[in-house]
Amino acid sequence: MAASKVVRVEDVLQEGDRVSPMQLLGREEHSGESKSTHGSLSVTALESQKDGSEAAEEEAEAEDEVYPLPENWPRIKQLSRPMSCALSKSRMPCVRKAVSHMELIQNIIEEWFKRTVEEIKSRSSTRCSTASAMAIPKKQLRFRDPSVSSHSRSAISSMSKVSSRGSSATLSVHGLGVDSPESAQEAEEQDDEELDVPYLGAGDVIDEVITLLARLETDRQDTLKRFKTETAAGVTLKQKIDDLCLRRLRELPILVQREHEACIVDLNELQWHLAYTTRTLSKAQKRKDTAELMNSRLKEDIEFVKTHIPLVGEKLVLELEAMDRIKKAQVETNQELMTTKQRQAKTEQKSEEALNKAETERGHIKRELDNVRDNLTLISEELSEAKMTFNSYVHQVDDIGNQLVDNSQELKVLEVKVANVKAAEEMQATKVHALQVKITDAEFEYRRLENENSQAEEELKIMRARNASKLAELERKRKVLEDKHRKVVRRNEELTIDIGDTQEKINRCDQQKIADDKNICRIQREMDRVATMMAATMEEHNSVSSINHHIRDQLNSEQEKAFRTEESLKNRVETLRRQVKEEMHNRTVLQARINSDTAEIDKTRSESAKKKEKADKVANDVGSAVTSVLEKVQKLRSAKAKKNEQKQSLSSQIDETKKQHAQSLQQFGDRLSTITPHYNILRAEVGKLAKELEQMAWKADMMNKKIEEMDASQNMMKKLSVKTEAAVEALLEEQDELNKQLEAARKLDDDLKVQLQGVIDRLVDGESRHSRFLLDRKSVLYQQDDDKVNNLGRNKDLASRYRQLQNQFLVTKEKSLRDYDERLKLESTISDIKQLKSLQSKMHGALAEFFKLNGLYNEGELTRLEQVSSENGLRVGKLQSDMEDALGLITDFLQTKMDGTRARQMAWEAVQRMEEQKKAFNSGRPDSSAVLAS
């Protein structure tokens, strides 16, 4: 019989789908142990094609020591780990290795069984008859062919993949051995066969798996303890982090702000110092450069002036002569100017006289217009006031009429109510009499019913013994009624909520009613106060109107004085302005229009005539306007008189209506004082009678209900007396259960109250923390606001300082720009002088060469000079005019500080002359006289 031992993978790993078996190992362990006495075992080894690293790991794992599992195996402290797992804390790789070993064993066993069956079938014909009875156990190691090994490896890998993918597959290790002597014949038959029975080491693998499970359990317990310690440490760290974060939120912004402000101040100071030093350096460098340039240019100018002093002297002489001529011309022009000024003075006198006349006429016209306008404003104001008073009186009369109508209607209503009350009183008296009769009848009925009630009670005592059987049915109905009661309770709760809402609405309505009553009282008070104020205002109006007329007269006088002073000031300003304009105009115009004064005088005369015509037209228009205004004033006065009459009539009507109103109020008050006590007495009696009637009706209803209930109870008691006893017992049991439920509900209520108190305490603590946090933040905010105010003041000081420095900078910049412009002008003059010097030197060399050549040609050209002497005389005159022009240009050049333009022009003209002279020289007929003159 073959014995089998099974080891399941589900005991090793709980998740079979997630575990992927490792690749097959290329090593086989075999040992020569055999239980059978007739067979020899051989081991077949498989080699896997793996890298050197995996082979080294497997060899190191093979060298590990495997200890036996102790009895208390879940806790193994001193257990050596495999060297392949030395660098990791996870046990999953070791478990996967064990699973892969077991899968390898299973695959090898399956391969071996297939192979042995095939070999037995193939060698059944070549068996040996003789064999030794007992064979010495052997330990053999054989290597199969590469093809067979590769085939086995592929089969093993495919089997391992299939076994790893199947989630419900089980791993089993089967061991075969011969235990009974009945298999001696089979052993003898198989003695000659060379069976390759591999030694798989299943027991070692199982022990290793169990040790791995023990390690996993120990690691689990250790990790659980560590997890608990880490969670506790995490809680403490969270508290510390929260405290530090809160501290950071409070302190870090302040510190960062201070450091930031200090850094900003330092950076601004350093930047200012750097900019200041760079500016000073650039300014010094520019000054140095400009000083060097000016020094070199001044040296050149000094040399140039030394060389050209004679020429400048000659130019000065010529300029003095020109100045004498200019002075003579100036004297002549001054005389002409005096004559024109005298003419101008005459014309100005005439124009001033015309203007004064026009201004006086304008002043008279303006005064008349202002008087008319003042009268118009007064009339319009009086008209508006009259309209306002008329409207107020009309409104008052309408209100009084409406109030009288309302009072008459209220009087009629009160009379009707009194008549109704009398009729109701008579009806109530008849009802009271009828009710008294009914009361006597009811008392008689009550006595009769009491007698019947005593009889019914005796019958009830007899019927209680019969009602025990009826209690069961009553219990069933009670349950139904309890369900209905629950529904009704829920509905009542909803109704209570609705009642609360309606109560709130009623309270709001009551509050609104109270507010409305208060508003009505307030309006009544306002009406009384307005009446008193109207009387006071009328008195004040009369006093104020008299004061207003007096003040208006004073104001008109003051306005006239102010208008006169203003007119005088305006006239003075206009005259001064005209004088200024005329002086400016005379300064600009007299130089060009001296001969046009007569035409201007004619124009002014024509303009004055036109102005007079316009003034006449304006005066006529003003006269017509004044007449129309006077007509309107008369109309307004007549309308005012009519309105005053209407006011008097209305005031008389108002007095009459007030008197009538007071009389009606007195009459109504007297009637109300007589009616109200009788009305109160009647209302009290009617209330008492109504209460008595209600009580009597309630008693009669109660009696009828009791009679009906007694009849019904008698009938029900007859029917249900049998079932009552059983129902009473069931009710008692349910009462006990309900008491227990009530106790449980009370306990639950107490627990909920404790939880609610805890929640309230936590809320109080949270609110206190929040308030403290808000106070801290408010203190920080106040401090920041103070810092902000201080910084704003400092900013204002710095801004004022910056503006001052900016103004200083602008002033210095303007000065430097002016200096720079002056230096540029000097540089331009110096460059022009240099150009002139170079041109003069060239001209001097050319003249020297020309004079040399002229000396050689003088003897041959004397005859020609005599012929063209007349032409040379004309040319000499032209040259003299040109020289005068040149001297004028030179003077202009020197007066304008030699800006360079004239120097370049003169140089260009000199160059053109030199070119003309060269052309003439090349033609062989030079103009000697022109050369000498030049």
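In the UniProt record's numbering, the protein residues as written are 1 to 934.
Where is the CB? At the ideal position from N, CA and C, for every residue including glycine.
Distance between beta carbons of residue j and residue i, contact taken as under 8 Å
i    : j    : result
L471 : E725 : 6 Å
A689 : V432 : Here residue 689 turns out to be Leu, not Ala, going by the sequence shown. Right, their Cβ atoms sit about 6 Å apart.
V633 : I379 : 6 Å
A386 : K640 : 6 Å
D370 : F563 : 7 Å
V416 : L682 : Not confirmed; about 16 Å, so no contact.
V780 : I254 : 7 Å
L636 : L383 : 6 Å
F390 : K643 : 6 Å
F304 : I833 : 5 Å
Close Cβ partners of residue i (< 8 Å) along its chain, the five nearest in sequence each way excluded
i    : result
M843 : A910, M914
Y393 : K647, L650, S651, I654
S546 : none
I523 : none
D786 : none
A888 : According to the sequence provided, residue 888 is Gly. The question's Ala does not apply to it. Closer than 8 Å at Cβ, skipping near neighbours: A322.
V397 : L650, Q653, I654, T657
Distance between residue j and residue i (C-alpha atoms, nearest Å)
i    : j    : result
V480 : E494 : 21 Å
V674 : N680 : The question names Val, but residue 674 is Thr in the sequence shown. Answer to the nearest angstrom: the Cα atoms are 11 Å apart.
A284 : A291 : 10 Å
L576 : E359 : 15 Å
L775 : R769 : 10 Å
R115 : E103 : 18 Å
L376 : R552 : 14 Å
K346 : L355 : 15 Å
E729 : R508 : 53 Å
A536 : V530 : 10 Å
G500 : Q512 : 18 Å
K699 : I506 : 32 Å
D602 : E353 : 16 Å
T657 : A423 : 37 Å
K461 : A442 : 28 Å
K306 : D819 : 26 Å
G32  : T211 : At G32, the pLDDT of 40 sits below 50, so the modelled position is not reliable and the matter cannot be decided from this model.
I302 : A848 : 26 Å
L672 : D528 : 21 Å
E694 : A684 : 15 Å
D797 : K788 : 14 Å
L748 : L738 : 15 Å
D204 : L213 : 14 Å
D701 : E709 : 12 Å
D374 : S638 : 19 Å
L267 : R258 : 14 Å
H273 : T280 : 10 Å
V488 : D736 : 24 Å
Residue closest to residue i, alpha-carbon to alpha-carbon, out of the options
i    : options                : result
L435 : R794, M696, Q867       : M696
D243 : F773, T339, Q741, Y802 : F773
L665 : L630, K341, Q741, S408 : S408
N571 : E582, R490, G363, K919 : G363
M534 : S351, H395, Q271, S831 : H395
K918 : G877, F850, T532, D289 : F850
K357 : L270, W908, A799, A609 : A609
L449 : L411, A515, D711       : D711
E426 : G758, D736, V686       : V686
N620 : E361, G234, S351       : E361
Below-8 Å beta-carbon distance, residue i vs any chain C residue
i    : result
G793 : No chain C is present in this structure, which holds just one protein chain.
Cutoff 6 Å; reference residue i; Cβ partners in own chain excluding five residues on either side
i    : result
R777 : none
Could you tell me whether the region 553–570 touches the region 325–341, using the rule of 3 or more Cβ pairs below 8 Å? no
Is it a yes or a no for the region 809–828 touching the region 289–301, going by three-plus beta-carbon pairs under 8 Å? yes
Can we say the region 879–891 touches the region 304–324, given the rule of at least three CB pairs closer than 8 Å? yes
At a cut of 8 Å, does the region 661–669 reach the region 397–404 through at least three beta carbon pairs? yes
Between the region 830–849 and the region 299–313, are three or more C-beta pairs nearer than 8 Å? yes
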